[in-house]
Amino acid sequence: MQATFRDMAGGGQKRIIQLTGFKKQEKAALLEWLFKLDCVFLDSKKYRNCTHLIAKKLCKSEKFLAACAAGKWILTKEYIINSAESGRWLDETTYEWGYEIEKDTHYSPQMQSAPKRWREELTKSSAPGAFHRWKVVFPVKEGDKRMASIRRVLQAGKATICSPQNAECNITHIFINNKIIPMQNKKCLSEARHYPLQYLGDYLLENEIQNTEDIQMNNFLAAQETDQIMSNMQLAEMKNAVIKHMYFAAAVKHRFAQKDQLNKCNPEVKSTDLSRGTWYILEGLVEEYLFSDVITELAAGQKYSTPPVQLLHSLLEYVLLGNTDAVFYAKLHHILYLVLQCDPPWKSLSMLKYYLDLLQCPVCKKGTWSFIEMLVRSCLYCKTICHAVPVSGREDEQRIVHKTLLKFFFDLVKAEVEFLTKSLVEGTNSQHQQVMPQTVLLKTFWLGSETSVLFTKHINILADWVVLSYRELNRKNDAFTCEIAGLLNAILGTVVEYWIISSLLMVKNRNVFHQIADDLAQYLAISCDDFSICELKTFICSIPSLWLQMFVAEAVFKTMCLQRNISISTEPLSLQKIVCSYSPALRELGMHETGKIHKAKKKKIGQWPCPESQRALQMLNGDKQNQVKVLPDLPDLIFNKCPPLTKKLRAKAELEASYTKENSYLLAEEVHFYRRNTKGETALHKACISNKVERLIRLLSSPGTDINAKDYAGWTPLHEACNHGSTVCVREILQRCPEVDLLSQVDGVTPLHDALSNGHVEIGKLLLQHGGPVLLQQRDSNGKLPLDYVESIPVKQELLNVVHPEENIESFYERTEQDFCSQQRELWLILFNKMLLNFCAVYNLSSPFTLTLREVACSNVLPVMARDNCKMKNTFSADWLVDTYFRELETFQKLPQFLQEISANMFFFPGEQMKALLATLETMVEAYQLFT
């Protein structure tokens, strides 16, 4: 210990100061202020008998607990700074921790008020310390720094500490660090109260103070109460062990990724505090519109200090107004990541507020959500941002800027979740949160009282954005749209990871997985029901969150089973359900599709049968009338004369659109900037409906015309031209608009479906000449191909000849059905893979739990039951996570028994994917058996 004296012309008792929680540079800066005052500074990592403790934050450190127990002043650093600026010691009252209670924090009101509460109580009662009536016995281990620290806290609170050998009667507290207590041979010890070591911190910081004069100490505790204390301790330790086991790989990955990504900004930059004068100079340059000088000064400096939000907002506004080049924005981008590296939002509540103030439009200042919404609006829909921007012809460059700002937001919230994961694994913040951890992500996607629900309004909109971005990607397939879709998907995955980790950090013991499966995953699966098989496969495989990917895969798999009348269990997803319910269902699906192929070969081409996938739904809905009636093959009756399916779909879509228009969230249905009628139809739509060719040509010649604009039901101008038989309009669109989307669909109805279901063969030929054979492969929501709406086999053949002149109609149908069934089988196998392998991954079932258990057992609280999983499952079933983990582990250990059955169920799924799955399972099982 080093005592440093600084004398000034002052009288009275010298203040004896200690610090806690301050790191090197911050501590050095604080000491400069401190040494201007008359005091004694004790520079020690251990608590000494100080008069004032300066604490950076509320915590359970030795110094903080000891100062509470001794009734000392525990103050914020502003007490030192303001006193030094005044040249004298100020009154402590308003600087004391607990003087003001913050509501929006994860610290409980009891913990916030503890320093003030104990100081006032001990002063009022004249008691020497918080533990002055305690007679304590606790385990002693040579060289154990933790026990030595606890001893100093007890001594600061004036507890009487007895050794186990010399303990007398009236022992009030025995602190235990192991289930086996070696000192129970003495009656006074075996009958005394037993407490876990954590009790000390809870007593000082969380519990209300009882009157120390009136309290009646009960010296006897029933044996079952002692066992209950031990049981609760062991359950908490076991839950920590399961969490550490599940998230160990994620924490290691984060450790390396953090070094690689954030530190690449500028590893040589050193933190410092720039003078106010420096910031005034930079702000003056901004007022003179010398933005390039300001950005260069900030980006090039070797010393870092947190830039004021107003200064960054001035630069951000300059960028958003389109006044900059790529070099300017690159420098701003560098500064933003430098701030994230040096001052992350989890550093303090003030830094969290800093980011929330920063991440909003510098003009509108409507908050982070509004800012993110504006960026997505620009990136997804090419819409103008929330305030007027001069037309510069550099809109594409601006969209790239908006994309990189969206990427910064993602990197920020991802870093928040990774920090929480690290805290969870290391136990630094484990299961002591009263509310969800305060993060930028929380403040963006959850509003006020919504924190008990995953599927909030903003998360619903985010899910819509994700699906819409993949629809755009399916239509355009360009690099920019691909990046935006990936970013939105990654943000949604990060939201899910935060939701799970928050539930594990909080005191409340609640299973939140069902909200992912029942709400969000089900919503995504329904939203994607019009995706083709390839599109659905791409979407599911791109979901970055293993949890969300697994639950979406299950939702899609269950829907497919329901459509084919295959019964499955309704219980929540588990390894048992995957192996014993979904694996046999996979076999049934394979048999079902193989049977369809054989039937298709024997069928005569004419009426194309209603697909099995729709039969169950039709039986439920009584919707048999939606099937197209078969008419005889007559020269003048080659198409169905009943109202075409697309007419009914249009009526249905318009009804849904009217509901959507009134109730959907912002941006879920984007509106084109041209004027629309009540159906959402643009001038292009109306020209195609009315077959006004000259007006259509004029509109197509106008700059900014969007030929792929959709009305409120989702129909494009090309759909309308095909539906109404406007052949010349179709020809003009195809010739003048190479960007026209020939695969745009509503409930799977493409322009070719629309044309052929309404008898417009010539339009069908035009579409096939421009779109190629892929148009013939598209299926609508009833599973029908475009040619299924043509009754005449010669006409079918005539249309097929446009793209495949060498193939007859029978072989086309046979090949198409085989390809379709093959794609379906591949999708089912992928869904099963995602469920099975992801489930094993998120619970880390293939890694032996015994290794984690041995590490945690070093705390001497948790007994090692390394090989008795059944015993552990029965012992620790009170916690849902621990109980779930051991049930899943028990199933995983039986996996060798199921391998042959799983292999047999995949008989109808030949190919590399099936072999890879079986090989992966065998490797996982062998690795587990090797280590155990």
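Residue numbers for the sequence shown follow UniProt numbering, so the first one is 1 and each next one is one higher.
A virtual CB, placed ideally from N, CA and C, is assigned to each residue, including glycine.
Selection from the options that minimises the alpha carbon distance to residue i
i, options, result
"Thr-678", "Ile-689, Leu-700, Ala-713", "Ala-713"
"Val-440", "Lys-353, Tyr-381, Thr-884", "Lys-353"
"Val-425", "His-245, Ala-555, Leu-447", "His-245"
"Glu-826", "Leu-766, Gln-818, Phe-909", "Phe-909"
"Asp-883", "Arg-15, Asn-905, Met-238", "Met-238"
"Asn-170", "Arg-133, Ile-150, Tyr-195, Tyr-203", "Arg-133"
"Ala-159", "Gln-112, Ser-449, Ala-127", "Ala-127"
"Gly-759", "Val-746, Cys-722, Tyr-79, Val-774", "Cys-722"
"Ser-86", "Ser-757, Lys-36, Val-512", "Lys-36"
"Cys-361", "Met-147, Asp-43, His-333, Leu-315", "Leu-315"
"Ala-121", "Val-790, Ala-156, Lys-72, Ser-449", "Looking at the sequence shown, residue 121 is not Ala but Glu. Checking every option, the nearest Cα to that of Glu-121 belongs to Lys-72."
"Leu-90", "Glu-78, Gly-98, Cys-482", "Glu-78"
"Cys-737", "Ile-500, Lys-915, Leu-696, Phe-175", "Leu-696"
"Ile-533", "Glu-317, Arg-15, Asn-808, Gly-748", "Gly-748"
"His-106", "Ala-878, Leu-58, Ser-149", "Leu-58"
"residue 998", "Thr-296, Leu-359, Gln-341", "Because the chain in this structure spans residues 1 to 932, residue 998 falls outside the shown range and cannot be described."
"Met-924", "Leu-837, Leu-700, Lys-422, Leu-743", "Leu-837"
"Ser-581", "Ile-17, Asn-905, Lys-14, Tyr-247", "Asn-905"
"Ser-163", "Asn-240, Ile-174, Ala-55, Asn-708", "Ile-174"
"Leu-881", "Leu-235, Ala-148, Gln-112, Phe-64", "Leu-235"
"residue 936", "Leu-845, Tyr-47, Glu-912, Asp-711", "The structure shown does not extend to residue 936, since the chain is modelled only from 1 through 932, so no value can be given for it."
"Arg-471", "Pro-584, Phe-539, Leu-336, Ile-707", "Phe-539"
"Leu-895", "Leu-799, Leu-575, Leu-776, Phe-849", "Leu-575"
"Val-842", "Phe-445, Trp-547, Lys-116, Glu-317", "Trp-547"
"Asp-741", "Pro-717, Val-803, Glu-497", "Pro-717"
Cβ neighbour criterion (16 or more within 10 Å) applied to residue i
i, result
"Thr-20", "buried"
"Gln-735", "exposed"
"Arg-88", "exposed"
"Ala-222", "Its pLDDT being 37, under 50, Ala-222 is placed unreliably by the model, and the measurement read from it follows with that caveat. Exposed, since its Cβ has fewer than 16 Cβ neighbours within 10 Å."
"Val-728", "exposed"
"Asp-144", "exposed"
"Leu-768", "buried"
"Ser-835", "Inspection of the sequence shows that residue 835 is occupied by Met rather than by Ser. Answer is buried; the Cβ neighbour count reaches 16."
"His-514", "exposed"
"Val-437", "Correcting the residue identity first, residue 437 is Pro in this sequence and not Val. Flag for Pro-437 reads buried."
"Asp-478", "exposed"
"Ala-249", "exposed"
"Lys-915", "exposed"
"Ser-811", "exposed"
"Lys-365", "exposed"
"Thr-682", "buried"
"Phe-907", "exposed"
"Pro-129", "Before going further, note that residue 129 is Gly rather than Pro in the sequence given. Buried, by the Cβ-count rule."
"Asp-819", "exposed"
"Ser-452", "exposed"
"Arg-15", "buried"
"Asp-636", "In this prediction, Asp-636 scores a pLDDT of 39, lower than 50, which makes its location untrustworthy; no coordinate-derived value is stated."
Cβ separation of residue i and residue j, assumed to be a contact under 8 Å, to the nearest whole Å
i, j, result
"Thr-816", "Gln-778", "Actually they do not touch by this definition, with Cβ atoms about 11 Å apart."
"Lys-796", "Leu-787", "5 Å"
Endpoints, beta strand (DSSP E) assigned at residue i
i, result
"Asp-43", "39 to 43"
"residue 934", "Residue 934 lies beyond the stretch modelled for the chain, which goes from 1 to 932, so this question has no answer here."
"Ile-176", "173 to 176"
"His-194", "194 to 196"
"Ala-29", "Where Ala-29 is concerned, there is no enclosing beta strand (DSSP E), although the alpha helix (DSSP H) it sits in stretches over 24 to 34."
"His-334", "No beta strand (DSSP E) contains His-334, which is instead part of the alpha helix (DSSP H) from 326 to 342."
"His-52", "52 to 55"
"Leu-75", "73 to 75"
Endpoints, the alpha helix (DSSP H) within which residue i is located
i, result
"Val-136", "No alpha helix (DSSP H) holds Val-136; the beta strand (DSSP E) holding it covers 135 to 137."
"Lys-765", "761 to 771"
"Val-319", "309 to 320"
"Asn-723", "717 to 723"
"His-106", "His-106 -> no alpha helix (DSSP H), and no H or E assigned at all."
- Whole runs of the beta strand (DSSP E) within the segment 812 to 838, excluding any shorter than 3 residues: none
- Item | Complete runs of the alpha helix (DSSP H) confined to the segment 503 to 541 [at least 4 residues] | 522 to 527
- Report the residue ranges of all alpha helix (DSSP H) runs contained in full by the segment 395 to 450; include only those spanning at least 4 residues, in chain order. 395 to 426, 440 to 445
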